[in-house]
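Trainee:
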Amino acid sequence: MGSENTIAPIRLAILEADTPVPGIQAKYKSYGGVFTYLFERACAALDPPQPLQSQLTLSFHDIVNDPAAYPDPETIDAVLITGSKYNAFEMDEWIVRLVQYTKRCLEGGRVRVVGVCFGHQIVGRALGAEVGRNTRGWELSVVDHELTEEGKKLFGMDKLSIHQMHRDAVLTFPPGVARLAQTDICPNQAMYVPRRMITVQGHPEFTEDMVREILEMRKYGGIIGDDIFQDGMRRVANKQDGVAVAKVFLKFMRE
């Protein structure tokens with residue numbers, strides 16, 4: 001293996017499918033900024049530690065408001081589809097366009113696809129899986145995941161804990177994907193096809209402060225009830241493995 005420093009950085013396009021809540025926006029500007037912070041920490045946790053710029057060249061694309069924001073697949077090596085307050089199963093023009101672009105990347109076979117939460121669901125939809133409301137309800141805050149054998153191998157751990165913030169889910173497994181993780185509420189927590197795609201239903205990019213703000217906004221906005229809010233707040237400061245997941249994303253993009 002050559003030194004990490006001699007390898008060209010991966011050109012990663014972050015497809016921003018939403019605008020963050022006010023506190024996160026003030027600090028990080030956009031979800032692109034949130035993922036930059038995650039990958040900075042992941043690069044610092046490599047052995048030996050690396051600066052972000054040596055591993056990734058990041059670009060940010062507001063795909064909700066600008067149909068022309070999509071990068072030409074020839075100019076990038078990977079895309080990451082962020083989370084969103086929108087439903088991945090809707091027929092809104094921009095969501096349909098995103099599904100088509102995701103299919104194009106997956107079928108092209110060269111551009112790697114990473115999906116997070118809403119992005120995980122978009123990849124599921126692009127691969128023909130059923131996406132919809134989870135009848136078991138919300139999954140919020142730090143949640144323990146049970147890893148499959150493949151998941152244990154890929155993540156290098158026996159169990160995984162990351163933040164969650166969803167009520168929708170990928171309800172079936174598309175053919176040919178490896179199942180990586182499950183929880184009681186949501187059996188499809190992560191999917192993987194080597195050198196093609198990796199997705200997680202949770203939010204490795206979220207921190208305790210971010211989730212506190214989102215939980216409060218959703219409670220006071222009447223989106224979640226007090227019992228769900230209190231349950232989420234009880235677990236919000238639990239240890240979580242977001243950086244470990246981001247390290248796996250980095251490794252996947254280099255496969």
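For the sequence shown, the UniProt record's numbering gives the first residue as 1, with consecutive numbering after it.
Even for Gly, the Cβ is constructed at its ideal location relative to N, Cα and C.
1) List in chain order: all unbroken beta strand (DSSP E) runs of 3+ residues lying wholly within the UniProt domain "Glutamine amidotransferase" (95 to 208).
2) Okay, do the stretch 106 to 113 and the stretch 77 to 96 touch, 3+ Cβ pairs below 8 Å being the bar?
3) Let me check understanding here. Comparing Cα to Cα, which of 64, 47 and 228 lies closest to residue 20?
4) Leaving out five residues on either side along the sequence, give the residues of the same chain with a beta carbon under 7 Å from the beta carbon of residue 174.
5) Count the other CB atoms within 10 Å of the CB of residue 75; is the residue buried (16 or more) or exposed (fewer)?
6) What is the DSSP secondary structure of residue 75, reduced to helix, strand or coil?
7) Spatial neighbours of residue 100 within its chain, please: CB distance less than 6 Å, with the 5 preceding and 5 following residues excluded, ordered by chain position.
8) Pick out whichever of 86, 85 and 121 has its Cα sitting closest to the Cα of residue 102.
9) Since residue 13 sits in a beta bridge, which residues does DSSP pair it with?
10) Starting from residue 222 and walking both ways along the alpha helix (DSSP H), at which residues does that stretch end?
11) From this set, 254, 248 and 255, which residue's C-alpha is nearest residue 38's C-alpha?
12) Rounded C-beta distance between residue 202 and residue 164? I'm assuming under 8 Å.
Mentor: Well, looking at it:
1) 112 to 116, 131 to 133, 139 to 147, 159 to 166, 168 to 170, 178 to 182, 190 to 193 and 197 to 200
2) yes
3) On the sequence shown, residue 20 is found 20 positions in, with the first residue counted as 1. Nearest of 64, 47 and 228 to residue 20, Cα basis: 64.
4) Position 174 of the sequence shown, counted from the start, is the residue given in the question as residue 174. Cβ within range, chain order: 124, 127, 128 and 129.
5) Taking the sequence shown and counting its residues from 1, the one referred to as residue 75 is at position 75. Exposed is the call here.
6) Position 75 of the sequence shown, counting from 1, holds the residue named residue 75. DSSP places residue 75 in helix when its eight states are reduced to three.
7) Position 100 of the sequence shown, counted from the start, is the residue given in the question as residue 100. Result list for residue 100: empty, nothing under 6 Å.
8) As a position in the sequence shown, residue 102 is number 102, starting the count at 1. With distances taken between Cα atoms, residue 102 lies closest to 121.
9) Position 13 of the sequence shown holds residue 13. Answer is 59 and 79, bridged to residue 13.
10) Numbered from its first residue, the sequence shown carries residue 222 at position 222. Unbroken run through residue 222: none, as it is neither H nor E.
11) Taking the sequence shown and counting its residues from 1, one reaches residue 38 at position 38. The option with the nearest alpha carbon to residue 38 is 248.
12) Position 202 of the sequence shown, counting from 1, holds the residue named residue 202. Position 164 of the sequence shown, counting from 1, holds the residue named residue 164. Contact holds; Cβ gap of about 5 Å.
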